[in-house]
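Data block below; observations after.
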Amino acid sequence: MSNELERIQKWLAARGLGSRREIEGWIREGRLRVNGKLAELGQRISGYERLSLDGKPLRVSPEREAPRQILMYHKPPGEICSRNDPDGRPTVFRHLPKLRQGRWVSIGRLDLNTAGLLLFTNDGELANRLMHPSAEIEREYWVRVAGEVNEDTLQALRNGLELEDGFACFDDVQPLQALHEDDTQYNRYFSVVLKEGRNREVRRLWEAVGCQVSRLKRIRFGNLWLPKNLAAGRWRPLTAGEVNALLDLLQRKQRRDAAK
0 MSNELERIQK WLAARGLGSR REIEGWIREG RLRVNGKLAE LGQRISGYER
50 LSLDGKPLRV SPEREAPRQI LMYHKPPGEI CSRNDPDGRP TVFRHLPKLR
100 QGRWVSIGRL DLNTAGLLLF TNDGELANRL MHPSAEIERE YWVRVAGEVN
150 EDTLQALRNG LELEDGFACF DDVQPLQALH EDDTQYNRYF SVVLKEGRNR
200 EVRRLWEAVG CQVSRLKRIR FGNLWLPKNL AAGRWRPLTA GEVNALLDLL
250 QRKQRRDAAK
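The numbering of the sequence shown is numbering that gives the first Met the number 0, which starts it at 0 and goes up by one.
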């Protein structure tokens, strides 16, 4: 039996119970208990304690972490990224394979009406690193907007605008010529790139320049693209090469930060 103690949010995240940020939320909301007492942020545990969430026991092996798994999912519109919904709407988690230990953790979210690429892992610590703004992972979307768009509009989106939760901009925005037959002067398609995942950020940026988003689809996360042969509502595991490329993307960012 190991005598090493580890912060509870990190210990649970490494075993796939959730991202570190999600677990910290459980603690702040008083949902997580250790040996019958409310857990505290930064509390250190060995893993042999009695843990419970919302009054239900958490049965996680203290001996070893589950092997890391990562998969991609093609989210259709109309699904939520929460595990449960009081309104009974379908959730993305209903399609995912069962895990012997831990839970699938969503690497970021897409809102109800947004489709496209979602990643899931049973490694909450990895999910936390990939989602953190400091990682600066690019997210690319295809978007259909209604409204008049000219070069000044696009430049304003690149330069940035003040939203209710702070300054935001697209790292890139480019027209997608003749992507669909309904592509007209007032119903146009664009590719946009962001390096963060704030709530409804793509939609809110377009709204700030007087346009409405009528269709939105994420096609890329970092160096992973949504495959054309992955149908909506289907998933597949990442290949070993895709996993290594994703991890290398994180490591390159860390090396650049260390060199500054």
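Just so it is clear, CB atoms sit at the ideal spot from N, CA and C, and this is done for glycine as well. Note that the coordinates shown come from a computational prediction; the quantities given were computed from them, not determined experimentally.
The criterion of a C-beta distance shorter than 8 Å is satisfied by residue 137 and residue 219.
Taking the Cα of residue 156 as reference, the smallest distance to any Cα among 189, 176, 37 is reached at 189. The DSSP assignment places complete alpha helix (DSSP H) segments of no fewer than 4 residues inside the region 3-44 at 7-13, 19-27, in order along the chain. Residue pairing from DSSP places residue 189 in a beta bridge opposite 142, 174.
Under the DSSP assignment, residue 100 falls outside any alpha helix (DSSP H); it carries neither an H nor an E label. Separation of residue 115 and residue 207 (C-alpha to C-alpha, rounded to the nearest whole angstrom) is 23 Å. Nearest Cα to residue 101 within the set 7, 205, 13: 13. Nearest neighbour of residue 146 by Cα position, chosen from 202, 78, 209, turns out to be 209. Note that the C-beta distance between residue 148 and residue 121 is not below 8 Å. With a threshold of 16 other beta carbon atoms within 10 Å, residue 221 meets it and is buried. Residue 51 has 32, 56 as its beta-bridge partners, per DSSP. Leaving aside the five residues that flank residue 107 on each side, the residues in its chain whose CB is nearer than 6 Å to its CB run, in chain order, 130, 196. Boundaries of the beta strand (DSSP E) harbouring residue 167: 165-167, taken from the DSSP string.
Short of 8 Å from the beta carbon of residue 166, and not among the five residues preceding or following it, lie these beta carbons of its own chain, in chain order: 159, 160.
If you check the CB distance, residue 127 and residue 19 come in under 8 Å.
Less than 8 Å separates the beta-carbon of residue 191 from that of residue 169. Cβ-Cβ distances below 6 Å link residue 42 to 7 in the same chain, with the five nearest sequence neighbours on each side left out; the list follows chain order.
Going by C-alpha positions, residue 34 is about 6 Å away from residue 50. Residue environment: residue 98 is assigned as exposed (fewer than 16 neighbouring CB atoms within 10 Å of its CB, all protein chains considered). Here residue 84 has 90 as same chain residues with Cβ atoms under 8 Å from its own Cβ, once five neighbours each way along the sequence are excluded. Scanning the region 208-251 from its first residue to its last, the whole beta strand (DSSP E) runs of 3-plus residues come out as 211-220, 234-236. In this structure, residue 215 sits away from residue 152, with a CB-CB distance that is not shorter than 8 Å.
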